[in-house]
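Okay, so here's the structure we're looking at.
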Amino acid sequence: MIKITVPATTANIGPGFDCLGMALNLYADITFEEIEEGLVIEGCQPEYQNEDNLIYQSMLGIFKKARYRHRGIKITINSDIPISRGLGSSAACILAGIMAANEIADARLTKQQILKIATQIEGHPDNVTPALFGGMIVSVYDNDEVYFSKIPLNDSVDFYALIPNFTLSTSQARSVLPKQISFDDATFNVGRVALMIASFFNGSLDLLNVSIKDRLHQKYRGALIHEYDTIMEKLDDLQIKGAFLSGAGPTIIAIANKDDSTVEPAITNILQSLENRWLLKKLCTEINGAIVGRG
Numbered sequence: 029m030i031k032i033t034v035p036a037t038t039a040n041i042g043p044g045f046d047c048l049g050m051a052l053n054l055y056a057d058i059t060f061e062e063i064e065e066g067l068v069i070e071g072c073q074p075e076y077q078n079e080d081n082l083i084y085q086s087m088l089g090i091f092k093k094a095r096y097r098h099r100g101i102k103i104t105i106n107s108d109i110p111i112s113r114g115l116g117s118s119a120a121c122i123l124a125g126i127m128a129a130n131e132i133a134d135a136r137l138t139k140q141q142i143l144k145i146a147t148q149i150e151g152h153p154d155n156v157t158p159a160l161f162g163g164m165i166v167s168v169y170d171n172d173e174v175y176f177s178k179i180p181l182n183d184s185v186d187f188y189a190l191i192p193n194f195t196l197s198t199s200q201a202r203s204v205l206p207k208q209i210s211f212d213d214a215t216f217n218v219g220r221v222a223l224m225i226a227s228f229f230n231g232s233l234d235l236l237n238v239s240i241k242d243r244l245h246q247k248y249r250g251a252l253i254h255e256y257d258t259i260m261e262k263l264d265d266l267q268i269k270g271a272f273l274s275g276a277g278p279t280i281i282a283i284a285n286k287d288d289s290t291v292e293p294a295i296t297n298i299l300q301s302l303e304n305r306w307l308l309k310k311l312c313t314e315i316n317g318a319i320v321g322r323g
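Every number in the working numbering is 28 more than the matching position in the sequence shown, counting from 1.
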């Protein structure tokens, strides 16, 4: 039996559209067994218990590459990463499938090769890179290769994930983005993402409220999220370090000084005033990334 543990991720982090991501201490534990025949998938909704399952499809690509003829596969999913909430559930599935198949088929893929294959499936590296390597990472996909670098983080902030009881598909969230942007908006984001990376690197976290701002995607995606503007305005009133849309949404993440005891009850009060039900989770950065274990 093989067990793959993959962390949740948050991508973009405000202005870092499709290039900035961070692993969080929320996990998917997925076990794999070869069985005599067939496909058995447990621990997920019935509509995902078939051959179209993203985990299984990711495995098949590696089996084909390694020319490995598998018998049957049993996949058991135990995941705390909510689906279609902007917390990297698809990246976790893709990586788990690739890494498990790599072990089963003895394909001997390196982490860089795993990253490249996962990015080809996912379409962009902002989630899969931190999910695989941990930490906060800036990454780009250029000429079919992934280039990335970790950003050193100090331990002075906590991350609060506001997770709603409704979903938002990545395809829908991408469909509302503009085909072209103004030069001013591009310049705005380039400056902010550079300042943000420098702020995290240098520990100048008081600059986050300025550097976390975005003009490329959040206002368009926010229009799809019920009470998004209300939540962001109320979070801004708390004088926290900043708040951003996690990935394509609808999860929102707030950044606050570590162990500030006033933040959690204040955000809870905000969520209790909303029409939809939102779950609040206090999280921190996961530094190790995905791991392989054997049962």
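Backbone N, C-alpha and C fix where the C-beta goes; we use that ideal spot for every residue, glycine too. The model shown is predicted, which means the values in this text are computed figures rather than measured ones.
Leaving aside the five residues before and after residue i along the sequence, list all residues of the same chain whose C-beta is less than 6 Å from its C-beta, in chain order.
i	result
Leu307	Ile191
Ala124	Ile32, Val34, Ile58 and Ile83
Ala39	Gly49, Asp154, Asn155 and Gly275
Asn237	Gly270
Which of the three DSSP states is assigned to residue i in this structure?
i	result
Phe194	coil
Asp264	helix
Arg322	strand
Pro158	helix
Lys286	coil
Leu137	coil
Met29	coil
Asp212	helix
Asn230	helix
Asn336	Absent from the model: residue 336. The displayed extent of the chain is 29 to 323, so no value can be given.
Leu244	coil
Asn106	strand
Thr279	coil
Asn86	The sequence as given places Ser at residue 86; Asn does not occur at that position. Three-state result, Ser86: helix.
Using a Cβ-Cβ cut-off of 8 Å (strictly less than) and excluding sequence neighbours within five positions of residue i, which residues of its own chain qualify?
i	result
Leu263	Ala271, Ile280, Ala282, Ile295 and Ile298
Arg136	Asn130
Met29	Thr59, Phe60, Glu61, Arg322 and Gly323
Asn24	This structure cannot settle anything about residue 24, because the visible part of the chain is limited to 29 through 323.
Glu217	A small fix is needed here, since residue 217 is Asn in this sequence, not Glu. Excluding positions up to five away in sequence, the list reads Pro43, Phe45, Asp242, Arg243 and Leu244.
Asp186	Ile283, Ala284, Asn285, Lys286, Asp287, Asp288, Val291, Lys310, Leu311 and Cys312
Below 8 Å on the Cβ atoms is my guess for residue i versus residue j; work out the distance and round it to an integer in Å.
i	j	result
Ile109	Leu196	Between Leu196 and Ile109 the Cβ distance is about 15 Å, and since that is not below 8 Å, they are no contact.
Lys286	Ser184	5 Å
Arg243	Ala276	That pair is no contact at about 16 Å.
Leu143	Val174	5 Å
Val291	Leu252	At roughly 26 Å, the Cβ-Cβ gap does not stay under 8 Å, so Val291 and Leu252 are not in contact.
Leu302	Ala189	With a Cβ gap of about 15 Å, Leu302 and Ala189 do not count as contacting.
Gly314	Gly162	Checking the displayed sequence, the identity of residue 314 turns out to be Glu instead of Gly. Confirmed, about 6 Å.
Below 7 Å CB to CB, which residues in the same chain sit around residue i once its five sequence neighbours on both sides are set aside?
i	result
Asp80	none
Phe327	There is no way to answer for residue 327, as the model of the chain reaches only from 29 to 323.
Phe229	Ile179 and Pro180
Ala133	Ile90, Phe91, Ala94 and Tyr96
Ala159	Val34, Pro35, Thr37, Ala51, Gly116, Ala119, Ala120, Leu123, Gly317 and Ala318
Gly71	Thr104, Ile105 and Asn106
Considering only the alpha carbon of each residue, which of the options lies closest to residue i?
i	options	result
Ile240	Leu252, Lys139 and Leu223	Leu223
Ala226	Ile315, Ile126, Ile165 and Gly71	Ile165
Ser112	Ala284, Asn106, Cys312 and Ser274	Ser274
Gln85	Ala251, Arg220, Gly49 and Glu150	Glu150
Asp234	Thr215, Ile268, Cys312 and Ala201	Ile268
Ile126	Leu88, Met260, Ser289 and Asn106	Leu88
His245	Gly114, Arg202, Gly163 and Glu261	Arg202
Asp172	Lys309, Gly162, Thr147 and Pro74	Thr147
Glu232	Asp213, Ile145, Tyr169 and Asn182	One point to set straight first is that residue 232 is Ser, not Glu, in the sequence displayed. For the residues Asp213, Ile145, Tyr169 and Asn182, the minimum Cα distance to Ser232 belongs to Asn182.
- Would you be able to state if there are at least three C-beta pairs under 8 Å between the region 144 to 154 and the region 42 to 54? Judged by Cβ distances under 8 Å, the region 42 to 54 makes contact with the region 144 to 154, as three or more pairs qualify.
- Item | the region 93 to 104 contacting the region 62 to 70, beta-carbon criterion three pairs below 8 Å | Here the region 93 to 104 makes contact with the region 62 to 70; the two share three or more CB pairs at distances below 8 Å.
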